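Undergrad: Chains as they are written, first to last, in my numbering: chain H, 18 to 223; chain V, 18 to 223.
Protein chains: 2
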Amino acid sequence: MSDTKQRPYHHGDLHRALIDTALAMLAADQTWAFTLREVARRTGVSHAAPYKHFRDKEALLRELARIGFVRLGQAMETALFPGLPSSREKFVAAAQACIAFACHSPGLYRLMFSADADKAADPRLHEAAMATFGVLLRLLQEGQQDGRFRAVSITAQAAASWAQVHGLAMLAMNGQLLEEKVGPDPVRAALDVLMDGLSQSSRKGH
Amino acid sequence: MSDTKQRPYHHGDLHRALIDTALAMLAADQTWAFTLREVARRTGVSHAAPYKHFRDKEALLRELARIGFVRLGQAMETALFPGLPSSREKFVAAAQACIAFACHSPGLYRLMFSADADKAADPRLHEAAMATFGVLLRLLQEGQQDGRFRAVSITAQAAASWAQVHGLAMLAMNGQLLEEKVGPDPVRAALDVLMDGLSQSSRKGH
DNA sequence: TCCTCCATGTTTACAGGGAAAACTTTTCTG
DNA sequence: CAGAAAAGTTTTCCCTGTAAACATGGAGGA
């Protein structure tokens with residue numbers, strides 16, 4: 018409502034603007050209870066405008082979740098970059114990146130795994146989730162190939178690992194891993210328990 | 018709406034009736050997106066009646082969650098009853114009971130761990146959740162005392178265990194542990210990975 | 001016994017919200 | 001340059017959560 022050029026009738030990229038607003042609100046409230054009307058309001062358009070870009074509110078939420086999975090995947094990949102020595106270290110780094118992501122964006126993380134982001138309702142969301150999951154799978158495969166992880170069903174290990182990492186993320190996010198209760202680095206400790214289960218044999222102190 | 022006696026003005030136990038209706042709807046839809054008005058409708062009272070028993074919708078949801086925790090605790094205790102031999106077997110039994118509970122009542126389970134059942138907002142809910150969590154803690158303690166589990170920080174093990182069990186429950190509930198993908202008994206397999214991490218030494222095939 | 005109080009219901013009222021429909025303004029395209 | 005499609009806006013509908021005011025009937029004291 019100013020500058021030299023006044024806002025044109027067409028927003029330019031309302032699709033993206035709505036997503037950004039919604040992401041901001043999600044980050045601020047840590048909940049997706051916000052109303053679509055409020056998103057529109059803050060974006061400076063009428064309350065019906067969003068419906069030109071998203072079938073309904075859930076469609077917007079699914080898009081947010083999809084972006085979340087993409088970001089999470091990137092965060093995990095980035096954590097791997099430094100070329101860590103062992104499979105074990107790599108795995109731990111990726112897991113910690115996931116948990117850090119959850120702690121940094123709890124609202125988004127929760128949305129990603131909530132029923133309101135129904136993966137069956139959106140192939141793109143499903144695909145993004147699977148791709149991120151794939152990072153974990155790849156690490157397990159590498160671990161098995163270089164002989165550091167026990168050679169049992171990859172998918173069983175993946176289930177265990179994923180469950181562990183996701184569970185830890187939830188606990189950490191909710192502040193249920195307080196230092197007094199659970200030691201100095203509970204995430205590391207819990208991951209060590211997991212890694213001991215995955216590993217070929219050695220039980221050295223990481 | 019008939020029988021010989023017509024419903025009196027006072028319902029008798031509307032509090033309980035509302036809970037029952039809501040639990041039924043939760044089980045039917047696997048979501049707590051139902052409206053309070055619909056709950057009232059199905060219970061056969063006016064849409065404002067519930068407010069005499071619950072401050073708001075969330076209060077009802079918290080009560081449902083509390084009941085869920087009580088039931089989950091009972092399910093786990095029951096699973097322990099047969100007097101299983103080793104700590105390991107007991108632990109696995111309790112974990113499986115938890116996962117079975119989640120698969121049987123996915124809506125309730127999800128509600129219990131959702132932000133809509135804010136434990137900070139209701140001491141009774143918080144207490145119930147902690148009591149259920151305590152079952153796990155007790156099993157770990159027993160395991161350490163009889164020397165079958167490694168004697169590291171109980172709370173670290175608890176975090177790892179809880180994360181694992183909860184994570185598996187979520188995956189199982191969402192049907193993401195399909196047999197083709199993950200072997201015949203993925204839960205058992207994943208728990209074995211965990212138990213191997215917890216255990217003192219032996220890596221026998223359970 | 002009867003009267004009055006209070007918990008428990010009901011009706012009414014209101015401020016939003018989600019979503020559809022109909023209308024308007026740009027932009028794109030043949 | 002016409003006209004269709006895209007992207008906004010306004011209007012409208014029905015629904016929800018929740019508060020407030022009113023009604024009812026059972027329990028306890030005069």
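Here a beta-carbon is modelled for each residue, glycine too, at the ideal position from N, C-alpha and C. Computed from a predicted model, the values in this text were never measured in an experiment.
Run down chain V in chain order and give the residues with a C-beta less than 7 Å from the C-beta of Q174/H.
TA: The contacting residues are V210.
Undergrad: Looking at chain H, is there any beta carbon in it that lies within less than 9 Å of the beta carbon of G214/V?
TA: Output row for G214/V: interface = yes.
Undergrad: Nearest-angstrom Cα distance between T38/V and G184/H?
TA: Cα to Cα, T38/V sits roughly 31 Å from G184/H.
Undergrad: In whole angstroms, what separates the C-alpha of G85/H from that of V210/H?
TA: Looking at the two C-alpha atoms, the distance is approximately 28 Å.
Undergrad: Applying a beta-carbon distance threshold of less than 9 Å, which residues of chain V neighbour L188/H?
TA: Chain V residues near L188/H: A176, W179, A180, H183.
Undergrad: To the nearest angstrom, report how far apart Q193/H and V62/V are at their CA atoms.
TA: So the two alpha carbons sit approximately 40 Å from each other.
Undergrad: Would the segment 52 to 68 of chain V and the segment 108 to 124 of chain V be scored as touching if the rule is three or more Cβ pairs under 8 Å?
TA: No contact exists between the segment 52 to 68 of chain V and the segment 108 to 124 of chain V.
Undergrad: Taking 9 Å as the threshold (C-beta atoms), are L35/V and A57/V in contact?
TA: Yes. Within cutoff.
Undergrad: Let me check understanding here. Comparing Cα to Cα, which of G29/H, V109/H, K69/H lies closest to R205/H?
TA: Cα-wise, what sits closest to R205/H is V109/H.
Undergrad: Below 9 Å between beta carbons: does that hold for A82/V and A134/V?
TA: Yes, Cβ-Cβ distance for A82/V and A134/V is below 9 Å.
Undergrad: For the segment 117 to 173 of chain H, list the alpha helix (DSSP H) runs that are entirely contained and at least 4 residues long, ordered along the chain.
TA: For the segment 117 to 173 of chain H, whole alpha helix (DSSP H) runs of length 4 or above, ordered along the chain, are 123 to 129, 140 to 162.
Undergrad: Can L215/H and R167/H be called in contact, C-beta distance under 9 Å?
TA: Going by C-beta atoms, L215/H is nearer than 9 Å to R167/H.
Undergrad: For F118/V, count the other beta carbons within 10 Å of its own beta carbon; 16 or more makes it buried, fewer makes it exposed. Which is it?
TA: With 16 or more other Cβ atoms within 10 Å, it is buried.
Undergrad: In angstroms, rounded to a whole number, what distance separates the CA positions of P102/V and D163/V?
TA: Answer to the nearest angstrom: the Cα atoms are 12 Å apart.
Undergrad: Determine the burial state of R72/V: buried for a count of at least 16 other Cβ atoms within 10 Å of its Cβ, exposed for fewer.
TA: Result: exposed.
Undergrad: Kindly indicate which three-state DSSP category S178/V falls into: helix, strand or coil?
TA: Helix at S178/V.
Undergrad: Skipping 5 residues on each side, what residues in its chain have a beta carbon closer than 6 Å to that of E144/V?
TA: The answer is none, since no qualifying residue turns up.
Undergrad: 9 Å is my cut-off, CB to CB: does P203/V come that close to chain H?
TA: At least one chain H Cβ lies under 9 Å of P203/V.
Undergrad: So, are the CB atoms of A132/V and R127/H less than 9 Å apart?
TA: In this structure, R127/H lies closer than 9 Å to A132/V by Cβ.
Undergrad: Find the nearest neighbour of S170/H within the set A207/V, Q47/V, S170/V, H28/V, judged by alpha-carbon distance.
TA: Nearest C-alpha to S170/H: A207/V.
Undergrad: Does the Cβ-Cβ distance between C115/H and A146/H come in under 9 Å?
TA: No, these two residues do not count as a Cβ contact at 9 Å.
Undergrad: Would the beta-carbon of L31/H fall within 9 Å of that of L53/H?
TA: Taking 9 Å as the Cβ cut-off, L31/H and L53/H do not qualify as a contacting pair.
Undergrad: Report the rounded CA-to-CA distance for F98/H versus A186/H, giving the unit in angstroms.
TA: Straight-line Cα distance between these residues: approximately 21 Å.
Undergrad: By how many angstroms is the C-alpha of T172/H removed from the C-alpha of G90/V?
TA: Going by the C-alpha atoms only, they are around 30 Å apart.
Undergrad: Do you know offhand how far P67/V's Cα is from E55/V's?
TA: Answer to the nearest angstrom: the Cα atoms are 11 Å apart.
Undergrad: From G100/V to H70/V, what distance separates their C-alpha atoms?
TA: About 41 Å.
Undergrad: Which stretch, first to last residue, makes up the alpha helix (DSSP H) that contains K69/V?
TA: No alpha helix (DSSP H) holds K69/V; DSSP gives it neither H nor E.
Undergrad: Put S103/H into one of helix, strand or coil per three-state DSSP.
TA: Three-state result, S103/H: coil.
Undergrad: State the start and end residues of the unbroken alpha helix (DSSP H) segment that holds V210/V.
TA: Segment 203 to 215, the alpha helix (DSSP H) holding V210/V.
Undergrad: How would you call D10/V, buried or exposed, if buried means at least 16 neighbouring beta carbons within 10 angstroms?
TA: Since the first residue shown for chain V is 18 and the last is 223, residue 10/V is missing from the structure and cannot be characterised.
Undergrad: What does a CB cutoff of less than 7 Å around H28/V pick up in its chain, not counting 5 residues either side in sequence?
TA: Excluding positions up to five away in sequence, the list reads A34, V62.
Undergrad: Does R141/H pass the burial test, meaning 16 or more other C-beta atoms within 10 Å, or should it be called exposed?
TA: With fewer than 16 other Cβ atoms within 10 Å, it is exposed.
Undergrad: Is DSSP giving V87/H helix, strand or coil here?
TA: If DSSP states are grouped into helix, strand and coil, V87/H belongs with the helices.
Undergrad: Assign T149/H to buried or exposed, taking buried as 16 or more other Cβ atoms, counted over all protein chains shown, within 10 Å of its Cβ.
TA: Buried, since its Cβ has 16 or more Cβ neighbours within 10 Å.
Undergrad: To the nearest angstrom, how far is the alpha carbon of F130/H from that of Q158/V?
TA: Their backbone Cα atoms lie some 32 Å apart in a straight line.
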